[in-house]
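Below you'll find the structure, written out as structure tokens, and then a few comments.
Chains as they are written, first to last, in my numbering: chain A, 41 to 365; chain B, 127 to 424.
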């Protein structure tokens, strides 16, 4: 709006009359006018728009094979909901869905408090260079791939010469093979997630803490509040909106138990405990070749996941003013 | 002033806080230092080494020299650099151009395009449809399958749009009045102003593509095209010893076969991290700033 007004009132534009005389009549020429002004932008956006169509919308169109029987010689045959019936009557599917929900719940309960505590502690550190040193160290794992992290933990958890079992040995405890222990592997997922991202996520809370009005602390000090009282009565209330936002957003991603993590930390011994929907789709789809069934499972997850994210977005927006986008 | 009023209890509290954080630093860094120590130790000393060690026992660069001379590793390094480099350039250019258009408030169809992008964030149809699109386009087993997929990231796009929207309108209008066309405004005005944001986005893409392994693993059958992450996965996660040691050396206990597998794995893991460590100072500078200024999650 303002662009146009500016142009019209500007004394430097010599061709205003022709412009406005062209704009007056019907829709077709208004379109031509808009096109004349905006085509350069569309030309610049063209590669991006093309990309979104080809690599995001074509896959959506491809999900139709969830409703088809794939034939080696095309065309495929439409079979409706048959694959979904097979899927929902498969005990394996319900097991991987349960695994996904269990792992997500464990991560949410045990991961979420850690970055908050780290941020609260970091905020208490006064020396600028000490704080920078700690931050530089604990942010690093967030930038490593899950292949690398899995490699690091396979070494650190090794029953013979891993750091963890060396420590257990010093405490007089028997070594434990965590990576092949069905009772431990889910905790390995939780811990590696904390190792990778708790440090980095603390940055989000630290940003919220720094934004808290310093006068609140000064006032608390005048009232004689000690360190913990200030944290409890000023800092924590100040970051509650951030905590709520991140909690809700994580809830929206509940069905993403992290394919890259699981696929690298999994092995034949513990697979049944940590097989999630995504790894199930990968296995039956790309390894066994049951494309339609795998696509149906993926689509089921995608639809459910979309509903959860959209609900999470609006709940978050309503409660804290911040959404997913 | 605060310092002078510190009571002994407050000092102890502070010591506990700092030691807790330092413990976190140790837990984060020690596993990586241990791998470094193992990879640099004298081959004979590796078998008995503790997982707690952070200094090499003896000193030997043999593991690193074997790895760096290994054809699979060399190909992996070249492939990773190629894929990461090309993907990042395509990603940054495509994202910046699209963000520039979408940041203009009066662009016709702006809202529709926004929804088009948002849908891709909330609805992900999964890996099988992705795979079939690649197949249909004839991209399977080509570098382009990995490069073009996820070329423009919707989140980074939104971050850049927000940044471009902050550019003062007066500046853009002044340039337009001077007769600059949208291409010139973009090139001479918007890009220079957006340098910090573009640097941040570039680093996002660099890290993302360097760490990418899943798509490379499922789209590239030809081992000669594998990036380092997939080579690493085959060796360390799948435990495919032959991949690095070589069948002859493994059977006859010669060459790399003489080296401790644990040390080779440690070296291979570290080799994959080296580029991340090299740009880590930049990451700290730009990522932390970007995150502090409100962009959620990297």
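For each residue, glycine too, the CB sits at the ideal point set by N, CA and C. Predicted model, so just to flag it, every value in this text is computed and none were measured.
Where residue i sits in the DSSP three-state scheme
{"i": "residue 134 of chain B", "result": "helix"}
{"i": "residue 296 of chain B", "result": "helix"}
{"i": "residue 338 of chain B", "result": "coil"}
{"i": "residue 250 of chain B", "result": "coil"}
{"i": "residue 75 of chain A", "result": "helix"}
{"i": "residue 310 of chain A", "result": "coil"}
{"i": "residue 108 of chain A", "result": "strand"}
{"i": "residue 119 of chain A", "result": "coil"}
{"i": "residue 330 of chain A", "result": "coil"}
{"i": "residue 134 of chain A", "result": "helix"}
{"i": "residue 294 of chain A", "result": "coil"}
{"i": "residue 352 of chain B", "result": "coil"}
{"i": "residue 106 of chain B", "result": "Outside the shown range of chain B (127 to 424) lies residue 106 of chain B, about which nothing can therefore be said."}
{"i": "residue 322 of chain B", "result": "helix"}
{"i": "residue 183 of chain B", "result": "coil"}
{"i": "residue 171 of chain A", "result": "helix"}
Beta-carbon spacing of residue i, residue j below 7 Å
{"i": "residue 319 of chain A", "j": "residue 343 of chain A", "result": "no"}
{"i": "residue 226 of chain B", "j": "residue 316 of chain B", "result": "yes"}
{"i": "residue 345 of chain B", "j": "residue 272 of chain B", "result": "yes"}
{"i": "residue 365 of chain B", "j": "residue 193 of chain B", "result": "no"}
{"i": "residue 140 of chain A", "j": "residue 317 of chain A", "result": "yes"}
{"i": "residue 163 of chain B", "j": "residue 181 of chain B", "result": "yes"}
{"i": "residue 412 of chain B", "j": "residue 341 of chain B", "result": "no"}
{"i": "residue 242 of chain A", "j": "residue 159 of chain A", "result": "yes"}
{"i": "residue 304 of chain A", "j": "residue 368 of chain B", "result": "no"}
{"i": "residue 330 of chain B", "j": "residue 406 of chain B", "result": "no"}
{"i": "residue 259 of chain B", "j": "residue 299 of chain A", "result": "no"}
{"i": "residue 177 of chain A", "j": "residue 177 of chain B", "result": "no"}
{"i": "residue 80 of chain A", "j": "residue 318 of chain B", "result": "no"}
{"i": "residue 143 of chain B", "j": "residue 330 of chain A", "result": "no"}
{"i": "residue 291 of chain B", "j": "residue 191 of chain B", "result": "no"}
{"i": "residue 291 of chain A", "j": "residue 360 of chain A", "result": "no"}
{"i": "residue 395 of chain B", "j": "residue 188 of chain A", "result": "yes"}
{"i": "residue 189 of chain B", "j": "residue 389 of chain B", "result": "yes"}
{"i": "residue 235 of chain B", "j": "residue 338 of chain A", "result": "no"}
{"i": "residue 249 of chain A", "j": "residue 356 of chain A", "result": "no"}
Residue from the options whose Cα sits closest to the Cα of residue i
{"i": "residue 121 of chain A", "options": "A:112, A:103 and A:265", "result": "A:103"}
{"i": "residue 324 of chain A", "options": "B:371, B:328, B:254 and B:398", "result": "B:254"}
{"i": "residue 95 of chain A", "options": "B:147, B:290 and B:247", "result": "B:247"}
{"i": "residue 224 of chain A", "options": "A:181, A:347 and A:143", "result": "A:143"}
{"i": "residue 260 of chain A", "options": "A:270, A:80 and A:253", "result": "A:270"}
{"i": "residue 87 of chain A", "options": "B:348, B:385 and B:217", "result": "B:217"}
{"i": "residue 404 of chain B", "options": "B:149, B:333, B:367 and B:320", "result": "B:333"}
{"i": "residue 210 of chain B", "options": "B:153, B:343 and B:269", "result": "B:269"}
{"i": "residue 219 of chain B", "options": "A:296, A:210, A:254 and A:84", "result": "A:84"}
{"i": "residue 145 of chain A", "options": "A:185, A:188 and A:297", "result": "A:297"}
{"i": "residue 323 of chain B", "options": "B:240, B:266, B:285 and B:151", "result": "B:285"}
{"i": "residue 207 of chain B", "options": "B:395, B:337, B:389 and B:409", "result": "B:337"}
{"i": "residue 174 of chain B", "options": "B:402, B:266, B:397 and B:386", "result": "B:386"}
{"i": "residue 233 of chain B", "options": "A:286, A:198, A:357 and A:71", "result": "A:71"}
{"i": "residue 314 of chain A", "options": "A:136, A:183, A:105 and A:77", "result": "A:136"}
With 16 other Cβ atoms within 10 Å as the buried cut-off, status of residue i
{"i": "residue 167 of chain A", "result": "exposed"}
{"i": "residue 263 of chain A", "result": "exposed"}
{"i": "residue 345 of chain A", "result": "buried"}
{"i": "residue 391 of chain B", "result": "buried"}
{"i": "residue 336 of chain A", "result": "buried"}
{"i": "residue 214 of chain B", "result": "buried"}
{"i": "residue 155 of chain A", "result": "buried"}
{"i": "residue 326 of chain B", "result": "buried"}
{"i": "residue 236 of chain A", "result": "buried"}
{"i": "residue 136 of chain B", "result": "exposed"}
{"i": "residue 250 of chain B", "result": "buried"}
{"i": "residue 280 of chain B", "result": "buried"}
{"i": "residue 132 of chain A", "result": "exposed"}
{"i": "residue 214 of chain A", "result": "exposed"}
{"i": "residue 219 of chain A", "result": "buried"}
{"i": "residue 359 of chain B", "result": "buried"}
{"i": "residue 274 of chain A", "result": "buried"}
{"i": "residue 186 of chain A", "result": "buried"}
{"i": "residue 238 of chain A", "result": "buried"}
Using 8 Å as the cut-off, can you tell me whether the stretch 180 to 193 of chain B makes contact with the stretch 162 to 171 of chain B, which would need three or more C-beta pairs spanning the two stretches below that distance?
yes
Any chance the stretch 273 to 280 of chain A sits against the stretch 189 to 199 of chain A, with 3 or more Cβ pairs inside 8 Å?
No: fewer than three Cβ pairs fall under 8 Å.
Inter-stretch contact (C-beta, 8 Å, three-pair minimum) for the stretch 334 to 353 of chain B and the stretch 197 to 205 of chain B
yes
So, do the stretch 145 to 161 of chain A and the stretch 230 to 245 of chain A have three or more beta carbon pairs nearer to each other than 8 Å?
yes
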